[in-house]
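In what follows, a structure is listed as structure tokens, so that the remarks can point back to it.
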Amino acid sequence: MNRPKEDLTGREFDRLKVIRYIPASEREGYGKKKDSRVWLCECSCGNTVRLRTQQLTHGKARSCGCYCKDVFRKRIEENRTHGKKNTRLYRIWGDMKDRCFNQSAKDYPRYGGKGVNICEQWVNDFQSFYDWSIKNGYSDNLTLDRIDNNGNYEPDNCRWATMKEQCRNRSNTLIIEYKGEKRPLSEWCEILNIDYHSAHWRLKNGWSVQKAFETPTRKMRKKE
624 MNRPKEDLTG
634 REFDRLKVIR
644 YIPASEREGY
654 GKKKDSRVWL
664 CECSCGNTVR
674 LRTQQLTHGK
684 ARSCGCYCKD
694 VFRKRIEENR
704 THGKKNTRLY
714 RIWGDMKDRC
724 FNQSAKDYPR
734 YGGKGVNICE
744 QWVNDFQSFY
754 DWSIKNGYSD
764 NLTLDRIDNN
774 GNYEPDNCRW
784 ATMKEQCRNR
794 SNTLIIEYKG
804 EKRPLSEWCE
814 ILNIDYHSAH
824 WRLKNGWSVQ
834 KAFETPTRKM
844 RKKE
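Residue numbers (the working numbering): 624 to 847.
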């Protein structure tokens with residue numbers, strides 16, 4: 624069988640570097656129905672491994688096998704060091720890393736896919752994240768929130784907030800400036816005691832902020 628159309632020689636895939644293509648003549652038990660696209664790869668740890676094109680280009684192989692061993696070893700060490708593996712904070716830390724680095728994670732497109740990163744002091748050090756959390760008001764009823772939705776996960780851009788506060792801070796939250804102050808529309812409605820849906824409709828239909836907020840809503844007539 625002929626060589627693959629795409630030459631992967633010299634390309635790097637995570638910890639792997641492709642050394643050369645392995646022709647069928649160098650492989651035992653080769654048959655016509657078997658995949659001939661096999662490459663000799665060198666791992667960053669020094670081991671060599673044979674892998675098919677699909678394993679490399681589809682992200683199915685990241686190393687010779689040492690990556691999984693390193694992750695497993697690191698988790699054991701972390702658990703032995705801080706003993707907090709089964710805590711809510713540890714799960715939050717893990718979910719944060721998944722959103723930013725795991726392309727298979729459901730929320731990756733809205734975080735890592737948009738360039739959101741994690742600061743160096745947190746990404747590989749749970750204890751650092753834990754210490755910051757405790758000093759900055761962590762509670763089991765609060766969630767991790769980025770103050771600037773375009774910014775990274777780092778001490779100066781994060782806080783522990785209620786779900787209500789976090790919802791107000793979403794990228795699609797409608798921020799309104801009124802009397803020199805900027806607040807989410809929902810917050811203005813609470814402060815001014817006006818109906819959110821009425822205010823939203825008015826603004827959507829071209830009313831000025833002052834008119835939308837200061838015009839009384841029509842009261843329903845009571846049935847006689």
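Backbone N, C-alpha and C fix where the C-beta goes; we use that ideal spot for every residue, glycine too.
Worksheet item: To which residues does DSSP link Ile-814 through a beta bridge?
Response: Partner(s): none; Ile-814 has no beta bridge.
Practice prompt. Take the Cβ of Thr-683 as the centre, count every other Cβ of all protein chains shown within 10 Å, and call the residue buried at 16 or more, exposed below.
Written response: Correcting the residue type first, residue 683 is Lys in the shown sequence and not Thr. Lys-683 is exposed by the Cβ-count criterion.
Worksheet item: From the DSSP output, which residues share a beta bridge with Tyr-801?
Response: Glu-804
Worksheet item: Hey, is the segment 812-827 in contact with the segment 772-781, meaning 3+ C-beta pairs nearer than 8 Å?
Response: Contact fails: fewer than three Cβ-Cβ distances are below 8 Å.
Worksheet item: Cα separation between Thr-632 and Gly-736?
Response: 28 Å
Worksheet item: DSSP three-state call for Asp-768: helix, strand or coil?
Response: strand
Worksheet item: In the DSSP assignment, what residue or residues form a beta bridge with Leu-663?
Response: Arg-643, Arg-673
Item to complete: Classify Gly-662 as buried or exposed, calling it buried when 16 or more other Cβ atoms lie within 10 Å of its own Cβ.
Response: Per the sequence presented here, residue 662 reads as Trp, with Gly not at that position. So Trp-662 counts as buried.
Worksheet entry | Exposure of Glu-837, with buried meaning 16 or more beta-carbon neighbours within 10 Å | exposed
Item to complete: May I have the straight-line CA-CA distance separating Asn-764 from Thr-785, to the nearest angstrom?
Response: 7 Å
Worksheet entry | Burial state of Trp-745, where buried means 16 or more other Cβ atoms lie within 10 Å | buried
Fill in: Through-space distance from Met-719 to Tyr-713, alpha-carbon basis
Roughly 10 Å separates the two Cα atoms.
Practice prompt. With Arg-782 as the anchor, note down where its beta strand (DSSP E) starts and where it stops.
Written response: 781-784
Worksheet item: When burial is assigned at 16 or more other CB atoms within 10 Å of the CB, is Trp-811 buried or exposed?
Response: That one is buried.
Discussion item. What does the Cβ neighbour count give for Phe-695, buried or exposed, with the cut at 16 atoms within 10 Å?
Written reply: Exposed is the label assigned to Phe-695, since fewer than 16 other Cβ atoms lie within 10 Å of its Cβ.
Item to complete: Take Tyr-572 and list the residues in its own chain whose beta-carbon comes closer than 7 Å to its own, dropping the five residues that flank it on each side.
Response: No answer is possible for residue 572: it lies beyond the span of the chain, which begins at 624 and ends at 847.
Worksheet item: For Phe-606, which beta-bridge partners are listed by DSSP?
Response: The question about residue 606 has no answer here: the residues shown for the chain are numbered 624 through 847.
Discussion item. So for Tyr-819, helix, strand or coil by DSSP?
Written reply: helix
Discussion item. Are there any heavy atoms of the ligand GTP lying less than 7 Å away from the beta-carbon of Tyr-644, as far as the coordinates show?
Written reply: Of ligands this structure carries none, so the ligand GTP is not represented either.
Worksheet item: According to DSSP, is Glu-837 helix, strand or coil?
Response: helix
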